[in-house]
Every structure is written in C-alpha cells, then in structure tokens.
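Q:
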Amino acid sequence: MLRNLLAGTRKSLRYFSSDIISVKWKKRDGSEIVTKGKIGQNILRLAHEYDIELEGACEGVCACSTCHIILEDKVYDNLPEASEDEEDMLDQAFGLTATSRLGCQIKLTKEHNGMLIKIPSATRNFYVDGTFLLYN
Ligand code: FES
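Dropping the structure here:
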C-alpha cells in the first residue's frame, strides 16, 4: 500500500513539474529576468506574478493595448491568429512590430519553454484616461 502511495506521489510530482515552463523577459530598462509559468496561464498573469511592468489596464478583456509584448519570430509564427478585437487593440499599441501580440490573449504552452518576451519601451493607455505613457 505504501509503495502504491509513493508511486502516485511521484506521478503527481512529475505531472506538476512538466506543467511548468521557463520564460525569459527583457524589461524596459534592458534588464532580463527568467520566470516560471504554468501551461495554460496567460502571459499577462505571469508578468504580474513577477512584478514585471506589463500594465493590463482592462484586466485582460482585450480592450486596451497596455499588455503589448514583442515575441521572437519562431514563437509568433506558431501562435493561433489574433482575433479581430486583438488586432484592433494592437493597432493602438505604441511601437507595434511584426511580432507584437497582447499578453492577455496568449496562453502558455509547452512549446513556449525558453521563449523571450520583450516589453516595449512605452505603452498607450486610451482605455483608462487617453494618456500616452513613456518609460525611460
Ligand atoms: S490587458 Fe487590456 S488588452 Fe490585454
């Protein structure tokens, strides 16, 4: 019986550890940080867990562009297409690039392990007060 209990615990731990991936961030000040995220977690929530400056003014309902992130080509190319709402919000983002997405709309997958996320140098927040915020 004890042997079965230990085997079950070991399987649970294996499941838990395979559910966690590593995500590297390049912050506005140029410094980098490595975080651990859970499969299925959205990128905005992961940033907030680690106090990374990714505002998320609309709290993830795709009504602002303050969670704008820049992804590596290989990560961007393998994501599902952005929705029309996400595209509309991205059009408002400061410093839009060909690999820009909204962090609240992207859920972590196993394939994201080791990816690098860049935080743009500024953000535009029309959702709350119409202001343009510039960092650095
Ligand atoms: S937090 Fe507003 S669109 Fe992502």
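Counting from 1 along the sequence shown, just add 188 to a position and that's the residue number in this note's numbering.
Using N, Cα and C, we set each Cβ at its ideal position, and we do this for glycine too.
Treat the numbers as computed from the prediction; the structure is a model and nothing was measured.
#1: Roughly how many whole angstroms lie between the Cα atoms of Y315 and A251?
#2: List the endpoints of the continuous beta strand (DSSP E) containing C258.
#3: Name the DSSP beta bridge partners of I305, please?
#4: Considering only the alpha carbon of each residue, which of R312, H300, A270 and S309 lies closest to L234?
#5: Helix, strand or coil: which one does DSSP assign to D207?
#6: With the cut-off set at 8 Å, would you say T287 and I258 are in Cβ contact?
#7: Could you tell me which residues DSSP pairs with I221 in its beta bridges?
#8: Relative to ligand 3, is the shortest distance from any of its heavy atoms to the C-beta of T254 smaller than 7 Å?
#9: If contact is defined by three or more beta carbon pairs under 8 Å, each pair taking one atom from either stretch, is the segment 253-268 in contact with the segment 277-286?
A: So, to answer that:
#1: Note on Y315: pLDDT 49, under 50, position unreliable in the model; no value is reported.
#2: The residue asked about is misnamed: residue 258 is Ile in this sequence, not Cys. Looking at the DSSP string, the run of the beta strand (DSSP E) that includes I258 is H256 to L259.
#3: W213 and L259
#4: Taking L234 as reference, the option from R312, H300, A270 and S309 with the minimal CA-CA separation is H300.
#5: coil
#6: yes
#7: W213
#8: No copy of ligand 3 occurs in the structure displayed; its ligands are ligand 1 alone.
#9: yes
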